[in-house]
Amino acid sequence: MTDNLPSLRETLDAHGLLAKKSFGQHFLLDLNVTRKIVRFAGPFEGRAVIEVGPGPGGLTRALMESDAGKVVLVEKDPRFIPLLSELDDGSGRLTIVEADALNVREADLTEGPTHLVSNLPYNVGTPLLIKWLTGPWTPCALTLMFQKEVAERVVARPGEEAYGRLAVISQAVAEAKLVMHLPAAAFTPPPKVASAVVHLVPKTDRPDRDLLKSLERVTAAAFGQRRKMLRSSLKQLGGADLCEAAGISPEDRAEVIDLAGFLRLARVAAGLPSETVPRDTGPVLARRKRT
Numbered sequence: 036m037t038d039n040l041p042s043l044r045e046t047l048d049a050h051g052l053l054a055k056k057s058f059g060q061h062f063l064l065d066l067n068v069t070r071k072i073v074r075f076a077g078p079f080e081g082r083a084v085i086e087v088g089p090g091p092g093g094l095t096r097a098l099m100e101s102d103a104g105k106v107v108l109v110e111k112d113p114r115f116i117p118l119l120s121e122l123d124d125g126s127g128r129l130t131i132v133e134a135d136a137l138n139v140r141e142a143d144l145t146e147g148p149t150h151l152v153s154n155l156p157y158n159v160g161t162p163l164l165i166k167w168l169t170g171p172w173t174p175c176a177l178t179l180m181f182q183k184e185v186a187e188r189v190v191a192r193p194g195e196e197a198y199g200r201l202a203v204i205s206q207a208v209a210e211a212k213l214v215m216h217l218p219a220a221a222f223t224p225p226p227k228v229a230s231a232v233v234h235l236v237p238k239t240d241r242p243d244r245d246l247l248k249s250l251e252r253v254t255a256a257a258f259g260q261r262r263k264m265l266r267s268s269l270k271q272l273g274g275a276d277l278c279e280a281a282g283i284s285p286e287d288r289a290e291v292i293d294l295a296g297f298l299r300l301a302r303v304a305a306g307l308p309s310e311t312v313p314r315d316t317g318p319v320l321a322r323r324k325r326t
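Encoded structure:
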C-alpha cells in the first residue's frame with residue numbers, strides 16, 4: 036500500500052532528483068490532488084491504464100490504489116526508473132517502459148480497453164493529444180492535465196477566444212469536458228501558468244480516417260489565417276466554391292464555424308459522399324461586424 040511508502044518529497048530528496056526544464060517537468064506531490072484526478076478518470080473496473088510522464092509517481096500511487104488492472108508507466112527520463120520501481124507492490128500490475136511517448140505504440144503495451152491518465156509534460160501535451168485522438172490506437176477514455184490555456188483550447192466553443200483547430204479536432208472524435216483547475220502553486224517547481232484537467236471520451240461515431248485527415252487540412256488552413264474570411268483562408272482548397280458546396284458563407288471566419296460546419300467542409304474538400312448539405316441561413320452565433 037502507498038501508505039507505507041515515504042512521502043514523494045522524501046523520495047525525491049533520497050534520490051537527489053530535481054525537475055528538468057528541458058523535459059517540461061513540474062511535479063504534483065499532493066496525493067489528495069492525484070487521488071481526486073484518478074476519481075475523475077475512473078472507475079476503471081479492472082481495465083488497464085497508461086500513464087505518460089509519471090516522474091516521481093504521485094499520480095502512479097493513486098492509480099495503484101485504484102481499481103485499475105494493469106498500470107503501464109511510460110517515462111522518458113531514466114533518472115526516475117529506479118524511483119518508480121519502488122512502487123511495484125509485487126502484484127504484477129505495474130509495468131515501467133523507458134521511452135518517448137511520442138514514439139510508443141500503445142497497442143503493444145496493453146490488451147483490451149485502456150484508459151490514459153497523465154499529468155502531461157508541458158512541452159509535448161498537444162502533440163500527444165493529437166496522436167491519441169487521430170492515430171490508429173484509441174483509448175476508452177483520456178483524463179489529462181495540461182496548461183490551463185491548452186485545456187481551454189480543447190473544450191472551447193465557436194465564438195470563444197480559445198476556439199481553434201485543437202477544439203475542432205478534439206470534439207470531432209471525443210466528448211471533452213474540463214473537470215478540474217489547479218493553481219501553479221500546486222506543483223514543484225511552480226510553473227508560470229495554472230493547469231487544468233480535461234476528461235475525454237472517444238465517440239462511437241467518430242469520423243473515419245479519410246474524413247479526419249481532410250478535417251485536419253481544412254482546420255489548419257482556416258485557423259492558420261483566422262482573421263481572414265474563409266474564401267481567402269481556404270483558397271488553396273477551393274475557397275468560395277468549397278464553402279458554397281458545404282453550405283457555409285464564404286464571408287464567415289473560422290472562429291464562428293461549428294463542428295458540423297467544419298465536417299461538411301472537410302467532406303467536400305476530400306470529395307467524400309455526403310448527405311444533402313443545408314444552406315447556411317445564418318450561424319447560431321452572431322457574426323462579427325465586417326471591417
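Heads up: the sequence shown runs through residues 36 to 326, numbered per this note's numbering.
All C-beta atoms, glycine included, are put in the ideal place defined by N, C-alpha and C.
Which word fits residue i, buried or exposed, when buried means at least 16 other C-beta atoms lie within 10 angstroms of its C-beta?
i, result
"Asp276", "exposed"
"Leu250", "buried"
"Ala295", "exposed"
"Leu164", "buried"
"Asp245", "exposed"
"Asp102", "exposed"
"Thr27", "Only positions 36 to 326 of the chain appear in this structure, which leaves residue 27 out of reach."
"Gly306", "exposed"
"Asn154", "buried"
"Ile116", "exposed"
"Pro156", "buried"
"Pro308", "exposed"
"Ser205", "buried"
"Ser126", "exposed"
"Arg188", "buried"
"Ser284", "buried"
"Ala142", "exposed"
Please say whether residue j and residue i have beta carbons closer to each other than 7 Å?
i, j, result
"Arg128", "Val106", "yes"
"Ala304", "Leu265", "no"
"Arg82", "Pro171", "no"
"Ala219", "Val190", "no"
"Thr178", "Ala76", "yes"
"Val87", "Ala136", "yes"
"Val132", "Val159", "no"
"His150", "Val232", "no"
"Leu300", "Val228", "no"
"Leu63", "Gly93", "yes"
"Leu235", "Ala209", "yes"
"Arg70", "Ala97", "yes"
"Asp293", "Pro193", "yes"
Measure how close the beta-carbons of residue i and residue j come, nearest whole angstrom, since I'm counting them as under 8 Å.
i, j, result
"Thr161", "Leu201", "7 Å"
"Leu217", "Ser230", "5 Å"
"Ala207", "Leu298", "7 Å"
Let me make sure I understand the geometry here. Which of the options has the alpha-carbon closest to that of residue i?
i, options, result
"Met215", "Ala209, Ala186 and Thr239", "Ala186"
"Lys111", "Asp123, Leu168, Lys248 and Pro91", "Pro91"
"Glu286", "Arg302, Ala257, Glu121 and Leu94", "Ala257"
"Val152", "Met180, Lys166, Arg140 and Asp143", "Met180"
"Pro237", "Gly194, Trp167 and Arg252", "Trp167"
"Leu66", "Phe222, Asp243 and Ser268", "Phe222"
"Ser267", "Pro113, Ala289, His234 and Pro89", "Ala289"
"Pro242", "His61, Lys270, Ser126 and Arg302", "Arg302"
"Tyr198", "Asn138, Thr69, Arg262 and Glu141", "Arg262"
"His61", "Ile72, Arg70 and Pro89", "Pro89"
"Leu226", "Gly194, Pro193, Lys183 and Ser205", "The sequence given here places Pro at residue 226; Leu does not occur at that position. Looking at the Cα atoms, Lys183 is the closest of the given residues."
"Cys175", "Asn138, Arg188 and Glu80", "Glu80"
"Thr130", "Thr145, Val68, Val139 and Arg140", "Thr145"
"Glu195", "Val291, Glu121 and Cys278", "Val291"
Compute every distance between the C-beta of residue i and the non-hydrogen atoms of the ligand GDP, then say whether any falls below 6 Å.
i, result
"Leu66", "Because no ligand of any kind appears in the structure shown, any question about the ligand GDP cannot be addressed here."
**OP:** Please list the segments of the beta strand (DSSP E) lying wholly inside the stretch 140-186, counting only runs of 3 or more residues, in order along the chain.
**Re:** For the stretch 140-186, the continuous beta strand (DSSP E) assignments of 3+ residues that do not extend past its boundaries occur at 149-154 and 176-182, in sequence order.
Subject >> Runs of alpha helix (DSSP H) lying entirely within the stretch 189-271, each at least 4 residues, in chain order >> reply: For secondary structure counted as the alpha helix (DSSP H) over 4 or more consecutive residues, the stretch 189-271 holds these complete runs in sequence order: 200-208, 244-259 and 265-268.
**OP:** Tell me the start and end of each unbroken beta strand (DSSP E) in the stretch 90-120 that is at least 3 residues and wholly inside, in chain order.
**Re:** List check, beta strand (DSSP E) in window: 106-110.
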